[in-house]
Amino acid sequence: MSAFCQHRKNCLKCSTGVPVYLSFVLIVLYGMPEAQGVWPMPQKMSQSSESYLLNPQGFTFQYANDSVAQPGCSVLDEAFRRYFTLIFPGYNGGNARGDLFAVVVNVQSGECDGYPDENSTENYYLLVSAGLGFLKAETVWGALRGLETFSQLVEQDDYDTYYVKETEIVDFPRFPFRGILLDTSRHFLPLPAIMETLDAMAYNKFNVFHWHIVDDPSFPYESYSFPDLSDKGAFHRFTHVYTQSDVQKVISYARLLGIRVMPEFDSPGHTLSWGKGQPDLLTPCYRGKVPSGSFGPVNPILNSSYEFMVRLLKEVSTVFPDSYIHLGGDEVSFTCWKSNPQVRSFMEKMGFGGDFTKLEAFYIENLVNITAALNKTSVLWQDAFDHHENIPNNTVLLVWRGTPPKYHWEMSQMTKAGYRVLLTAPWYLNHISYGQDWRDAYNVRPLNFTGTDEQKKLVIGGEVCMWGEYVDATNLMARLWPRGSAAAERLWSDEEQTSNLSKAYTRLSNFRCRMVRRGIRAEPVYVGYCKHEYKGL
Amino acid sequence: MIALFSHVKKESKINGLIMSFIFWLMLSEVPVARGVWPLPQKISQFAERYPLNPGAFAFLYANNSQAQPGCSVLDIAFKRYFSLTFPGYSGGKERRGGRLAENNSSGGYTYALVVMVQEGDCDGYPNAESEEKYSLSVSAGCGLLVAKTVWGALRGLESFSQLVYQDEHNTFFANKTEIEDFPRFLHRGILLDTSRHFLPVQTILKTLDAMSYSKLNVFHWHIVDDPSFPYQSRSFPHLSNQGAFHPSTHVYTQADVRRVIAHARLHGIRVLPEFDTPGHTQSWGKGQPNLLTPCYHGGKPDGTSGPVNAAAASSYQFMTRLLKEIHSVFPDSYIHLGGDEVDFSCWKSNPDVRMFMSKMGFGSDFTKLEAFYMESLINITASLNKTSIVWQEVFDYHEKPKVMSVVEVWRGGCYLCEMRKVTRAGLRAILASPWYLDQPGPTHDWSRYYNVRPLAFTGSEQQKQLVIGGEVCMWGEYVDATNLASMLWPRASAAAERLWSDEEQTSSVSDAFPRLAKFRCRLLRRGVQAGPLSVGHCRQEYQDV
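Chains as they are written, first to last, in my numbering: chain A, 1 to 537; chain B, 1001 to 1545.
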């Protein structure tokens, strides 16, 4: 508590003209109204019962005089426009009751034209008092998070008048990496579906879009180095592809929302669609002594495979600004490699014996080195670690297998070996079951594994995965939200303050209605209603 | 990361290859390549195909048809099916219905679908006995659709619209085709639950549209239940004023209900209202004091209430008035009275109820009280000239099944055993148990709904004939307008084929898969947010995010 007070005072000092009568007596008197709340729950939040009416016509966003960001800052200029609509849903320009109100934003450092990255800080301080909201953040990304929070503080009463309560918030994310994986290979997701997901991610303070862009069934990424890949490997070469300009749109849209775009080009397995446009890339499988006509993983014994991957990864590293590239490396089936006589003799030559995990490791290691040479960090599915002890140490590993004891054990092993770790195993939200299964996503305890504090710090976050076998634009949003929101709170908020399911239920139901109001097709948590039901058809 | 199901896709591709091989190289009869869903009873298609120019296409009434221009159901259907048959067509003028006489080649049509209806009632409502059979023949220059009723003609128009496809250059084609078709079961329904979540009227109308694409013909409107009472009653406005989630935004006004009924009629769909009692009535109690049984704890009312008070005469007076209103608002000859999941503990706790029990000689068997209550309601309904449907418990608890007429089987376990019992008692049966679509399986579960065999119980021919159909149930605990369509379609279409088509011809899941996948793409094209069956793509994906 005392640290909080001090922090608050410091902040108050920086802001001019903010009334300082907010005191913790109020908090004791009125408590924390949990029901209204912000989702995901801020680290520290106090509200009084004092509330202020907001008149949309008298409402402004302003840059503080001493803010580094000033008018012309693309990220915030756009955000002000966006959040005006989000704060005043249904407002159509008529007269409304309420007083003048300004949200003053003060960004302390950084720039407006860059991309969010792994080191971007997202902390912010928000103080709402009579006529004034004061938002202070180190970076524009933190300011975005604060604007989202402010928008969630604004409520409408029974007469549709907008109001906000006296509030003070100190907030920062528990984990720096909070992602959502979309799979655009098993089903093609049209651009609007991706954009809408990014919008909803911002509402939930997710900050990484993990784009599992290609896989076995189709190759929708239109590569400029290898146009045949999508020409031959997409479901349709014109209607079911992401052009370079599509990709740019996604990246710049994500940037404005403070979201990183991490591309995944999964190999050597999950590459059947690659083979259509890139002959000789995949391993020909043999039946007996003759090729069977079917293909397996990328052929790891050919120089041409690595030359191809170098060119492709070079392209990927220029197209996608993020410092992470996901290289996949999961579920490599060895049967095809085993069947192929050239692969077998390569194994012998390399001294791998009959251990094909060594061949896989050899391939992965090459790719990680290529990626490192491009100044990018490699991300890999856990299989690489399971099969191989010597993958380079700066690799980030994504844990996707098993039940809590299994993934906790895995995380313990990985962090002990010094790797940075992301958790996704409990958040495969493409799996559905009857009932309130958001609770399973909420009950996850990412750090409940045996390990030192140093080890725990190596857990940089987690991801929700939405694999595409049974998911496309028709059911994506309802399947992702609000179940993804449960994971969002686990990754952003303090675990102790957010361990109670029944308290979370009420807040999540409210937040789900807010998303519905914003046009997100978030499915119901349970029986009940929203003041404004989903109307888009 | 994930197990793969790509083999399914491959299989369908291979099927496709074989299909087109036969299609192009053999000039004899071709199997169901382009496929109509649900599968018609008899369909023969030929390689000969006709290009259709939407600008020179017309639906026409045959000269000897009883229905003629001015027939509301078909006039509107022609308009609707023009857009459904030629999706994306925006150029040129749309040709509407006219008499065949006006046509010939001078009318400027290059292709006409001529519709001949033998019995001409265009202004009525489809009912439990309505005939839906039709025959459709597509040949050079024209198609002929013959049906006994306008409802059958609607089914035929749907089939015709599904015969039309586009080639790579977006030209529309239909192959030479002969269809003789009729439904296996008369009652093919979907239950929507508008109490656990309120469904906006638009959502209901859209569901009705999609139902007609799968030839489903009964909208079972589970309109009220414990959580809310959205039906705005003329006789008892307090029921929704107090019992709805919100008295003005979360209610169905009389106008809303009329709109739903009228829209359903135009699609040949009956609206079957359910006012479930005596259980599932918590929301009723808010606007109708003294209707529900006060529960007792330790000799005193504890403030909570249970089912409708079956011991009070006032309850029956109330139900009589309400059912009278329902009778006049909903034209269908069936009313669903519910009767499921009655919890006896509150009745047991209440001294007045116990006194009534002993007066009536029921002992402590509360199933007798429930039977007494339901029998009274069935009699009220009968006196209004309506047929009642009840959930299976009413049959299970009742010693005199003769008072009942239609029983809906919903419980899990051996539902076929229950079907056997119900039909052995001479009652008509509707099957719902295997089609609870609100409870999703892990994946790929449409085959579960497809593999149902409604008549696979031991029983006489007569018993089997008492099975009048089945219903897909979409209960609302976790369903509202946000996810309804993607949970319903195309899984309900799997049930629809089971209820419409010949079972022997539709017994293979792997034959059905490519057909259903295609049909699902057609649904997408028509704006229905149908979920994907498996990995793959549609030529036109769902865009309307």
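Glycine is no exception: its CB is placed at the ideal position from the N, C-alpha and C atoms. Keep in mind the model is a prediction, meaning the values are calculated, not measured.
Contact check, residue i vs residue j, beta carbons under 8 Å
i, j, result
"GLN382 (chain A)", "VAL399 (chain A)", "yes"
"TRP1475 (chain B)", "GLY1531 (chain B)", "no"
"MET262 (chain A)", "PHE209 (chain A)", "yes"
"TYR1109 (chain B)", "ALA1058 (chain B)", "yes"
"ASN430 (chain A)", "TRP481 (chain A)", "no"
"THR1423 (chain B)", "ALA1429 (chain B)", "yes"
"GLU1541 (chain B)", "PHE188 (chain A)", "yes"
"MET515 (chain A)", "TYR203 (chain A)", "yes"
"GLN1041 (chain B)", "ASP1502 (chain B)", "yes"
"TRP211 (chain A)", "SER485 (chain A)", "no"
Contact test: residue i Cβ vs the ligand PLP heavy atom, cutoff 7 Å
i, result
"PHE84 (chain A)", "Judged by which ligands are present, the structure shown has none, so any question about the ligand PLP falls away."
Neighbourhood of residue i by C-beta, 8 Å cutoff - its chain only, sequence neighbours within 5 removed
i, result
"VAL409 (chain A)", "Per the sequence presented here, residue 409 (chain A) reads as Trp, with Val not at that position. Around TRP409 (chain A): PHE449."
"PHE1185 (chain B)", "PRO1454, VAL1467, ILE1468, GLY1469, GLY1470, LEU1499, TRP1500"
"ASN1103 (chain B)", "The pLDDT assigned to ASN1103 (chain B) is 44, lower than 50, so where the model puts this residue is not dependable; a value taken from the coordinates is nonetheless given after this. Counting only Cβ-Cβ distances below 8 Å, and skipping sequence neighbours, we find ALA1058, LEU1060, TYR1109, ALA1112."
"LEU198 (chain A)", "PHE209, VAL250, TYR253, ALA254, LEU257, ILE259"
"VAL1528 (chain B)", "LYS1206, ASP1209, ALA1210, TYR1213, ALA1485, TRP1489"
"SER1233 (chain B)", "LEU1239, SER1240, LEU1322, GLU1325"
For residue j and residue i, believed in contact at Cβ under 8 Å, the rounded distance
i, j, result
"ILE1269 (chain B)", "MET1319 (chain B)", "With a Cβ gap of about 27 Å, ILE1269 (chain B) and MET1319 (chain B) do not count as contacting."
"PHE235 (chain A)", "GLY277 (chain A)", "Contact flag wrong, Cβ pair sits at about 13 Å."
"VAL1535 (chain B)", "GLU469 (chain A)", "6 Å"
"PRO1273 (chain B)", "ILE1335 (chain B)", "6 Å"
"LEU272 (chain A)", "PHE295 (chain A)", "7 Å"
"SER1283 (chain B)", "LEU1337 (chain B)", "That pair is no contact at about 17 Å."
Buried/exposed call for residue i, threshold 16 Cβ in 10 Å
i, result
"LEU100 (chain A)", "exposed"
"SER1364 (chain B)", "exposed"
"GLY1339 (chain B)", "buried"
"PRO1051 (chain B)", "exposed"
"GLU122 (chain A)", "buried"
"TYR1252 (chain B)", "buried"
"ASP160 (chain A)", "exposed"
"LYS376 (chain A)", "buried"
"PRO1351 (chain B)", "exposed"
"GLN1045 (chain B)", "buried"
"GLN455 (chain A)", "buried"
When the options are compared against residue i, the one with the closest alpha-carbon
i, options, result
"PHE1086 (chain B)", "B:SER1065, B:ARG1526, B:THR1423", "B:ARG1526"
"GLN57 (chain A)", "A:ASP77, A:SER74, A:TYR224, A:THR85", "A:THR85"
"LEU1157 (chain B)", "B:MET1404, B:TYR1061, B:GLN1232, B:ARG1515", "B:TYR1061"
"THR1249 (chain B)", "B:THR1171, B:PRO1200, B:ASN1127", "B:PRO1200"
"ASN284 (chain A)", "A:ARG237, A:LYS338, A:SER267", "Residue 284 (chain A) is actually Pro in this sequence, not Asn. Comparing Cα positions, the closest option is A:LYS338."
"THR139 (chain A)", "A:GLY110, A:GLU360, A:LYS165", "A:GLY110"
"SER67 (chain A)", "A:LEU53, A:GLN108, A:PHE88", "A:GLN108"
"GLU1341 (chain B)", "B:SER1349, B:MET1355, B:VAL1308, B:MET1357", "B:VAL1308"
"ARG1259 (chain B)", "B:ALA1517, B:THR1203, B:ALA1047", "B:THR1203"
Contacting residues, own chain, Cβ-Cβ under 7 Å from residue i (five flanking each side not counted)
i, result
"GLU78 (chain A)", "LEU256"
"LEU26 (chain A)", "In this predicted model, LEU26 (chain A) has a pLDDT of only 36, less than 50, meaning its place in the structure is not dependable; the value taken from the coordinates is given anyway. Result list for LEU26 (chain A): SER48, in chain order."
"ALA425 (chain A)", "VAL399, TRP400, ARG401, GLY402, TYR407"
"ASN303 (chain A)", "none"
"ASP157 (chain A)", "TYR163"
"SER1139 (chain B)", "LYS1176"
"GLY142 (chain A)", "THR121, GLU122, ASN123, TYR124"
"GLN70 (chain A)", "TYR63"
"SER1028 (chain B)", "With a pLDDT of 44 at SER1028 (chain B), under the threshold of 50, the modelled position of this residue cannot be trusted; read the value that follows with caution. For SER1028 (chain B), where only same-chain residues beyond five positions count, there are no Cβ hits under 7 Å."
"SER292 (chain A)", "CYS285, TYR286"
Close-in-space but distant-in-sequence residues of the same chain around residue i (CB under 6 Å, 5 per side omitted)
i, result
"SER1195 (chain B)", "VAL1224, ASP1225, PRO1227, SER1228"
"MET195 (chain A)", "TYR253"
"PRO173 (chain A)", "GLU122, TRP492"
"GLY269 (chain A)", "PRO297, GLU331, VAL332"
"TRP1151 (chain B)", "PRO1126, SER1130, GLU1132, GLY1268"
"ARG1491 (chain B)", "LEU1437, TRP1446, TYR1449"
Exercise for review: Quick one: which residues of the stretch 1521 to 1533 of chain B get their C-beta closer than 9 Å to a C-beta of chain E? List them in chain order.
Suggested key: Among the protein chains of the structure shown, namely A and B, there is no chain E.
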